[in-house]
Amino acid sequence: MPELPEVEITRRSFAEALDGATVTGVQLGKPLRWPLGVPIASLVGATVGLATRRAKYLWLPMSGPDGGLLLHLGMSGSLALGEERMLGPHQHFALHTSRGSLVLTDPRRFGAVVWSAGLAVDPARKLLAGLGAEPFDPALTGATLRAAWRKRRTPIKQLLLAGEGVVGAGNIYACEALWRAGIRPSTPGARLSEARCERLRLAVREVLGQALALGGSTLRDFSDAHGVAGAYQTQAAVYDREGQPCPRCAAPIQRVVQAARSTYFCARCQRP
DNA sequence: AAGTGGACCTGCTAGC
DNA sequence: TGCTAGCAGGTCCACT
Numbered sequence: 034m035p036e037l038p039e040v041e042i043t044r045r046s047f048a049e050a051l052d053g054a055t056v057t058g059v060q061l062g063k064p065l066r067w068p069l070g071v072p073i074a075s076l077v078g079a080t081v082g083l084a085t086r087r088a089k090y091l092w093l094p095m096s097g098p099d100g101g102l103l104l105h106l107g108m109s110g111s112l113a114l115g116e117e118r119m120l121g122p123h124q125h126f127a128l129h130t131s132r133g134s135l136v137l138t139d140p141r142r143f144g145a146v147v148w149s150a151g152l153a154v155d156p157a158r159k160l161l162a163g164l165g166a167e168p169f170d171p172a173l174t175g176a177t178l179r180a181a182w183r184k185r186r187t188p189i190k191q192l193l194l195a196g197e198g199v200v201g202a203g204n205i206y207a208c209e210a211l212w213r214a215g216i217r218p219s220t221p222g223a224r225l226s227e228a229r230c231e232r233l234r235l236a237v238r239e240v241l242g243q244a245l246a247l248g249g250s251t252l253r254d255f256s257d258a259h260g261v262a263g264a265y266q267t268q269a270a271v272y273d274r275e276g277q278p279c280p281r282c283a284a285p286i287q288r289v290v291q292a293a294r295s296t297y298f299c300a301r302c303q304r305p
């Protein structure tokens, strides 16, 4: 579920409320992707700072002990802020604080909550290493994307999903951005001119920006930390719209499988 | 080094 | 109505 807009919306929905809170307890459910990496008891009494985001990761800084929690929502995760209560069957992590409990619900358990002594040290350092630029970073340009992709024969859709060059677009928004930019998802990264890289940079920003403004996409069950769902999915031009007319040229939207993921595109107005 | 495919795990839905 | 196959928003890792 959660691509960059959903993660950022989640962050905004709880960050200020927890800034300055004191940790009163931690509860774990079934194992997530990796172990927490620190004894629960050592977090009690810590002071929570203001949550930040890098790509699809959230960083919840803490002091005493100094460090923080790196969170990832995986495919099916969402965070909710509320009163302390028993963990439900799909709730596998809860951070209880003086200002409420932050609970991770994640049926598929591809998500993660990992303690790290800082962003520049492992395990956070390793997990964040190699990520592309943030989509709204002013330093990101068509030229820097061209440089990142010029030697890659991998299809551009897969480069976007891998966060090479630019992070934040998952399966929905990668499809949407490529449609906006008029680029065929199968096009090798190296084939894109600087001008087309720039068009794609703008398209990624537009798509992610619009999704952010609409509260993200709610396909099944995404909601922010207060339970508010998103509305972007109703705006999608191609995603999950196989056979329906392209909003730009009316040709039927096609679905193909790339790297075991569904890709939706318009064969008429997205050129290789 | 780059590219590919499988792995992780559970739930929902379309189709028989 | 009930079962099954296929599919789902992500990303890491092992292998060629």
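Residue 34 is where the first sequence starts when you use my numbering, and the numbers rise one by one after that. We treat Cβ as the ideally placed atom computed from N, Cα and C, and that holds for glycine.
When the options are compared against residue i, the one with the closest alpha-carbon
i	options	result
Leu83	Glu209, Leu93 and Leu160	Leu93
Glu36	Arg238, Ala228 and Tyr206	Tyr206
Thr85	Ala181, Gln124, Gly53 and Arg44	Arg44
Leu193	Gly165, Phe169 and Leu173	Gly165
Asn204	Ala74, Ile42 and Tyr297	Tyr297
Leu91	Ser149, Pro98, Ser75 and Lys190	Ser149
Glu39	Gly215, Arg304, Val71 and Gln243	Gln243
Arg294	Arg253, Ala195, Gly144 and Gln268	Ala195
Thr220	Ala48, Ala262, Trp182 and Leu106	Trp182
Asp155	Pro140, Leu102, Gly201 and Ala113	Leu102
Ala50	Arg87, Arg66, Leu106 and Glu116	Glu116
Met95	Gln277, Val56 and Ala292	Val56
Ala127	Gly249, Leu65, Phe255 and Val200	Leu65
Ile189	Ser256, Pro171, Asp170 and Glu209	Glu209
Gly26	Gln124, Ile42 and Gly133	Within the shown structure, residues of the chain are numbered from 34 to 305, placing residue 26 beyond reach of any answer.
Gly163	Arg118, Arg179, Asp257 and Ala88	Ala88
Tyr272	Ala262, Leu114, Phe143 and Ser250	Ser250
Arg253	Pro98, Ser109, Gly97 and Val81	Ser109
Ile42	Ser256, Gln277 and Val290	Ser256
Ala74	Pro68, Gly58 and Thr80	Gly58
Val289	Leu247, Gln191, Pro122 and Ala180	Gln191
Thr177	Val200, Arg185 and Cys230	Cys230
Trp67	His123, Arg142 and Phe47	Arg142
Thr187	Ser46, Ala269, Arg217 and Ala228	Arg217
Leu247	Leu114, Ala264, Arg179 and Ala153	Ala264
Ala145	Gly62, Val237 and Gln287	Gly62
Local conformation of residue i per DSSP, three classes
i	result
Gly298	Residue 298 is actually Phe in this sequence, not Gly. Note: Phe298 maps to strand in three-state DSSP.
Arg304	strand
Phe47	helix
Pro218	coil
Thr187	coil
Gly248	coil
Gly70	coil
Pro38	helix
Gly242	helix
Ala61	Per the sequence shown, the amino acid found at residue 61 is Leu instead of Ala. DSSP places Leu61 in strand when its eight states are reduced to three.
In DSSP terms, what residue i is bridged to
i	result
Tyr90	Arg87 and His105
Arg288	Tyr297
Val81	Met95
Pro278	Pro285
Gly260	Paired residue(s): none; Gly260 is not in a bridge.
Extent of the continuous alpha helix (DSSP H) run through residue i
i	result
Gly175	Gly175 to Trp182
Enclosing beta strand (DSSP E) for residue i [first to last residue]
i	result
Val199	Unbroken run through Val199: none, as it is neither H nor E.
Thr55	Run containing Thr55: none; DSSP gives neither H nor E here.
Please list the segments of the alpha helix (DSSP H) lying wholly inside the region 111-175, counting only runs of 4 or more residues, in order along the chain.
Along the length of the region 111-175, whole alpha helix (DSSP H) runs at least 4 residues long occupy 157-161, reported in chain order.
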